[in-house]
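For the record, the sequence lines run as chains A and B.
If you read the first sequence in my numbering, its first letter stands for residue 29, the second for the next number, and so on.
If you read the second sequence in my numbering, its first letter stands for residue 91, the second for the next number, and so on.
The structure appears right after this line, and notes come after that.
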Amino acid sequence: MDTEKIDRIIGKHDSEASSLIQVLLEIQSEYHWLPKEALERVSERLQVPLARIMHIATFYKAFSLVPKGRHEIHICMGTACHVRGAPRVLDAVQDLIGIKPGETDLDLKFSLETVNCLGCCALGPVVEIDGKTHGKMSPSDTAEVLKNYD
Amino acid sequence: MSGILLQIDGRQVEAEEGMTLLEAARKEGIHIPTLCHHDKLEPYGACRICIVEVEDSGRTKLVVSCVYPVEEGLIVRTRSEKIDRIRKMILELLLAHAPDAFGLQDLAREYGADRNRFEKEASFCIHCGLCVRYCAEVKKKHAVGFVDRGIRREICFVPEVAAKECWDCKECFPLCPTEALQAAFVLVEAFTGEKT
Ligand code: SF4
Ligand code: FES
């Protein structure tokens, strides 16, 4: 981990304790997780106790205390997507990359999560990869799309 | 002194602005059970056992006395059939987590709570936050905090801080209504267990 990079992120927010969540979000998007050393640095620089940082870092799903893959796959399991076949899409993805929701593969290529509604039910089943929304996905469409990532 | 007059269990009580119902009642020697309250700590309102009935302009509502501020003319009842029923339920839910907790037994007897009513899910911690808040507010050490949320919420010591601060303090242990078991257990785990 590169302390300077962390310091730069903290500096961007004027080392304000009230920017804690913003700082954590930036570290998360930079490293795809919150390394412990980074949290210790944040704690020191923002003068926020580590216990409180842990509370926040474990509270929000946007944060991860274990390394995540380079690409994050979110499969919507909301009611609309569910009835339109999301479970089959999920099964296909699980088979294809060999991980279950909440897990990351060994090459740190993909992390898989299910979500409970992405807010675009008419497009269901919806799969979101790195923030890009793919609508009306069948298991085979999904397999095709995943080929584009490495 | 600008006193606020209210009635608690039929008694005329004078309180000061900013006091909570619990403080006003205690000042008069009226007992309200509490689990998460501590005089040295900020009101927290986690356990809900201190619930009371208040009547304000003819309407009755249930409020949590340790966080509810006194108001002129309030009529407060600290015991009623309804309150007893609610406290019994709260205790039964807490007992599912900490069936043998010392701090719960007397209350359970008083309110006739059945420790076997709900399937046991012994986590020992009842999330009163006394340990966490005491460490933060009084000791200012932040050695222990809550992590995760919902049904997975639990207390967790920060190993680095705990290693420095806890051995000579341990002041939170006797505060724990579930006999510090959890605190002791998690502390040991923080030292010997896998470091995060
Ligand atoms: S460990 Fe004990 S004192 Fe700490 S929150 Fe749980 S029940 Fe309360
Ligand atoms: S003592 Fe009031 S909520 Fe716990």
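Idealized CB from N, CA, C, for every residue including glycine.
Asked, Found
"Status (buried if at least 16 other CB within 10 Å, exposed otherwise) for K96 (chain A)", "buried"
"Proximal residues of chain B, C-beta to C-beta of H99 (chain A) below 9 Å", "Those within 9 Å of H99 (chain A) in chain B number zero; the least Cβ separation is about 25 Å."
"Cβ-based burial, P264 (chain B) [other Cβ within 10 Å; buried from 16]", "exposed"
"Check: G193 (chain B) C-beta below 7 Å from any heavy atom of the ligand FES", "no"
"Under the three-state DSSP convention, the category H99 (chain A) falls into", "strand"
"F192 (chain B) burial status per 10 Å Cβ neighbour count (16 or more: buried)", "exposed"
"Helix, strand or coil at V154 (chain B) according to DSSP, with G and I counted as helix", "strand"
"Length of the line joining the Cα atoms of T161 (chain A) and V154 (chain A)", "7 Å"
"DSSP beta-bridge partners of T142 (chain A)", "A:I103"
"Supposed contact pair L184 (chain B) and I216 (chain B) - C-beta distance, whole angstroms, cut 8 Å", "5 Å"
"Any non-hydrogen atom of the ligand SF4 closer than 7 Å to L220 (chain B) Cβ", "yes"
"CB-CB length for G219 (chain B) against A136 (chain B), believed under 8 Å", "5 Å"
"As assigned by DSSP and simplified to three states, the class of K172 (chain B)", "helix"
"CB of V154 (chain B) within 8 Å of CB of M109 (chain B), strictly", "no"
"C-beta neighbour in chain A for V237 (chain B), strict 8 Å", "yes"
"Within 6 Å of the ligand FES: residues by beta-carbon to any heavy atom", "B:T124, B:L125, B:C126, B:H127, B:G135, B:A136, B:C137, B:R138, B:I139, B:C140, B:V154, B:C156"
"Contact with chain A by A233 (chain B), beta-carbon distance below 8 Å", "yes"
"Contacting positions in the region 80 to 109 of chain A - beta carbon closer than 7 Å to chain B", "R80, M82, H83, T86, F87, L93"
"Proximity to K151 (chain B) [Cα-Cα], best of B:P189, B:Y201, B:V166, B:C140", "B:V166"
"Limits of the beta strand (DSSP E) - the one that H162 (chain A) falls within", "160 to 162"
"Segment contact flag, the region 96 to 103 of chain B with the region 122 to 136 of chain A, C-beta cutoff 8 Å, min 3 pairs", "no"
"Beta carbon proximity, C246 (chain B) to chain A, threshold 8 Å", "yes"
"Of the listed residues A:E32, A:G106, A:E68, A:A90, nearest to I49 (chain A) (C-alpha basis)", "A:A90"
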